[in-house]
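*Asks:* Heads up: take any position in the sequence shown, counting from 1, add 5, and you land on our numbering. Dropping a structure here in structure tokens format, bear with me for questions.
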Amino acid sequence: MLPPPLTVLDKFVELLNNGTLLDNTVASVQRVLIGFVLGVLLAIPVGFLMGWYTIARGAVEPWVQFLRTIPPIALSPLVIIFMGIGELPKIFLIFLAVFLGSSIATFQGVRNVDVTLIKAAQVFGS
């Protein structure tokens, strides 16, 4: 069922020598970085909005909580149907996973800040 370790090692060396392994690794890391950066850049402001304004929380949090319960990999068939096959759906799924987790984490962080610390910062002019 499984190839012998020497066969795997030979194939690894072959892919490393002809550049295929490096090209695929760079493409994967690039996808992850783009999805991560976009997800965090959008999630932080959304998390702050949900933490500061009850209207934003009421409008956004139910959707974030609903989508958070669905594993992003389970959405891949729908994403492929709507976005096709290529780089965009892969980046979108990574973005979605990062965005959902980061927005909830930011929201919880904003909501759990001690009021005494906020008042102390206001007294010091910050």
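For each residue, glycine too, the CB sits at the ideal point set by N, CA and C.
Taking the alpha helix (DSSP H) that F97 falls in, what are its first and last residues?
*Replies:* Translated into the one-based positions of the sequence shown, residue 97 becomes position 92. That run of the alpha helix (DSSP H) goes E92 to R116.
*Asks:* Could you check if G34 is buried or exposed, using at least 16 other CB atoms within 10 Å of its CB as the buried criterion?
*Replies:* Here the question's residue 34 lines up with position 29 in the sequence shown. The sequence shown places Val at residue 34, rather than the Gly named in the question. Burial call: exposed.
*Asks:* Round the Cβ separation of V103 and V45 to the nearest angstrom and send it over; I've been treating them as touching at under 8 Å.
*Replies:* Translated into the one-based positions of the sequence shown, residue 103 becomes position 98. Translated into the one-based positions of the sequence shown, residue 45 becomes position 40. That belief holds up - the Cβ atoms of V103 and V45 are roughly 6 Å apart, short of 8 Å.
*Asks:* How about the segment 47 to 64 and the segment 98 to 112: do they share at least three Cβ pairs that are nearer than 8 Å?
*Replies:* With the cut-off at 8 Å, the segment 47 to 64 and the segment 98 to 112 touch.
*Asks:* Quick test of your reading: L98 and L80, contact by CB under 8 Å. State the CB separation rounded to the nearest angstrom.
*Replies:* Mapped onto the sequence shown, residue 98 falls at position 93. Mapped onto the sequence shown, residue 80 falls at position 75. Indeed, because the Cβ distance is near 7 Å, the residues count as touching under 8 Å.
*Asks:* Could you have a look at M88 and say whether DSSP puts it in helix, strand or coil?
*Replies:* Within the sequence shown, the letter at position 83 stands for residue 88. M88 falls in the helix class under three-state DSSP.
*Asks:* Are L20 and L26 closer than 8 Å when you measure CB to CB?
*Replies:* Sequence index remark: in the sequence shown, residue 20 carries index 15 (1-based). Sequence index remark: in the sequence shown, residue 26 carries index 21 (1-based). Yes, these two residues count as a Cβ contact at 8 Å.
*Asks:* Does T74 come out as helix, strand or coil in the three-state DSSP assignment?
*Replies:* The residue you call residue 74 lines up with position 69 of the sequence shown. Coil.
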